[in-house]
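The block underneath contains the structure these notes are about, expressed in structure tokens.
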């Protein structure tokens, strides 16, 4: 019985693996040209392409197989703490690459930046893959200075020394779900997903929300989620979206721009809230939403109202008393 169960599990694993290989095969086949029949491969194995990098793990040996002359490369790239390859060799390998298809994971390395990919202009991810940077404790920036467009999510996780993204040309980030991908169409929604997790605590060095100065439009079509969410930046005192014109969402509760647990001045300065709202030309009360409050409910505004009220109340009482005494005196004079 146990043997039969083990056999069924192995068959299921093999079937799943084969399905994944077919998916990868089709994805790479449609993007990296015609196959080169260098060796005999079954349908369920990687097919050799002139610009396909087969090894998943990048190290000193596998890097020798990288198609250095290709402008467009298909690859699932993993660079980690066991990747015994010098940064200068990475620069040489990727110097001609402008387009990457597949995925990228940089994990637990001592890299200070990802400038060896500075020539890459476009990155398309397969299925749910992303550009993942995690636990790189010396990483201070990404530094892909020619990176313009991507269909990948960008995830930064546990990056303790990160100071800036340094992606000066990045303009378009969009995401295609499996259904849209199968139909062969992808609507560029402009969804910008920067997953800066709480343990990436050094992002609290930002004193101004300067990452999206050129951001004009945001469209996000998932319910019960935020379009722009900024959290745990303890030195963030101001937020500016100077070119932001439209935020579109299907969320029935439009808390689309949310700030939480940043510097206290962000929630106590009413100008921050109203500047964001005015830039969008909206009267929606929940845009933006700062520490659970809207523009009309900020502590500073309440304090100002209280201060004005404390000044006005005695004045009104004095006017009322003066008017009453004047009427009383006038009444005695007349009669």
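Numbering (mature numbering (1 follows the signal peptide of the UniProt record, and there is no 0)), first residue to last: -19 to -1, 1 to 316. Glycine included, C-beta positions come from ideal geometry on N, C-alpha and C.
query: Can you name the start and end residues of the alpha helix (DSSP H) that residue 209 belongs to?
result: Here residue 209 belongs to no alpha helix (DSSP H); instead the beta strand (DSSP E) covers 209 to 212.
- prompt: Straight-line CA distance for residue 197 to residue 7?
  reply: 35 Å
- prompt: Can you name the start and end residues of the alpha helix (DSSP H) that residue 74 belongs to?
  reply: 68 to 75
message: In chain order, what are the residue ranges of uninterrupted beta strand (DSSP E) at least 3 long that sit wholly in the segment 61 to 139?
response: 80 to 88, 103 to 106, 111 to 115, 134 to 138
message: Distance check for residue 252 and residue 260, CA to CA, integer angstroms please.
response: 12 Å
query: In chain order, what residues of the same chain have a beta carbon less than 6 Å from the beta carbon of residue 209, not counting five sequence neighbours either side?
result: 238
query: In the DSSP assignment, what are the bridge partners of residue 198?
result: 227
field: Under the three-state DSSP convention, the category residue 222 falls into
entry: coil
- prompt: Could you give the distance in angstroms between the alpha-carbon of residue 282 and the alpha-carbon of residue 254?
  reply: Interpretation of residue 282 is limited by its pLDDT of 46, a score under 50 that renders its predicted location unreliable; no figure is taken from the coordinates.
- prompt: If you compare alpha carbons, which of 207, 143, 49, 137 is closest to residue 340?
  reply: Since the displayed the chain opens at -19 and closes at 316, residue 340 lies outside it and no answer follows.
- prompt: Exposed or buried, which one is residue 250 when buried takes at least 16 other CB atoms within 10 Å?
  reply: buried
query: Roughly how many whole angstroms lie between the Cα atoms of residue 248 and residue 275?
result: 9 Å
query: Are the Cβ atoms of residue 135 and residue 120 separated by less than 9 Å?
result: no
query: If we count the other Cβ atoms within 10 Å of its Cβ and call it buried at 16 or more, is residue 277 buried or exposed?
result: exposed
- prompt: Buried or exposed: residue 91, going by 16 or more other Cβ atoms within 10 Å of its Cβ?
  reply: exposed
message: Using the Cβ count rule (16 or more neighbours within 10 Å means buried), how would you classify residue 46?
response: exposed
- prompt: What residues are listed by DSSP as bridge partners for residue 265?
  reply: Answer by DSSP bridge pairing: none, since residue 265 is not bridged.
message: Give me, in chain order, the residues of the same chain whose beta-carbon lies closer than 7 Å to that of residue 43; leave out the 5 immediate sequence neighbours on both sides.
response: 36
message: By the DSSP assignment, the beta strand (DSSP E) with residue 239 in it spans what residues?
response: 238 to 241
message: Per the DSSP calculation, residue 56 is bridged to which residue(s)?
response: 34, 83
- prompt: Straight-line CA distance for residue 125 to residue 245?
  reply: 33 Å
field: Between the CA atoms of residue 130 and residue 102 - distance to the nearest angstrom
entry: 7 Å
message: Here's the rule I'm using: 16 or more other beta-carbon atoms within 10 Å means buried, otherwise exposed. How should residue 110 be labelled?
response: buried
- request: Would you mind giving the Cβ-Cβ distance between residue 132 and residue 105, rounded to the nearest angstrom? I have them listed as a contact below 8 Å.
  value: 5 Å
query: Between residue 9 and chain B, is there a C-beta pair that is closer than 9 Å?
result: In the structure shown, chain B does not exist; there is a single protein chain.
message: Within 10 Å of its beta-carbon, does residue 226 have 16 or more other beta-carbons around it, so buried, or fewer, so exposed?
response: exposed
query: With burial defined as no fewer than 16 other Cβ atoms inside 10 Å of the residue's Cβ, what is the status of residue 216: buried or exposed?
result: exposed
- prompt: Looking at C-alpha atoms only, which residue of 58, 64, 258 is the closest neighbour of residue 98?
  reply: 58
Coil, strand or helix - residue 300 by DSSP: helix
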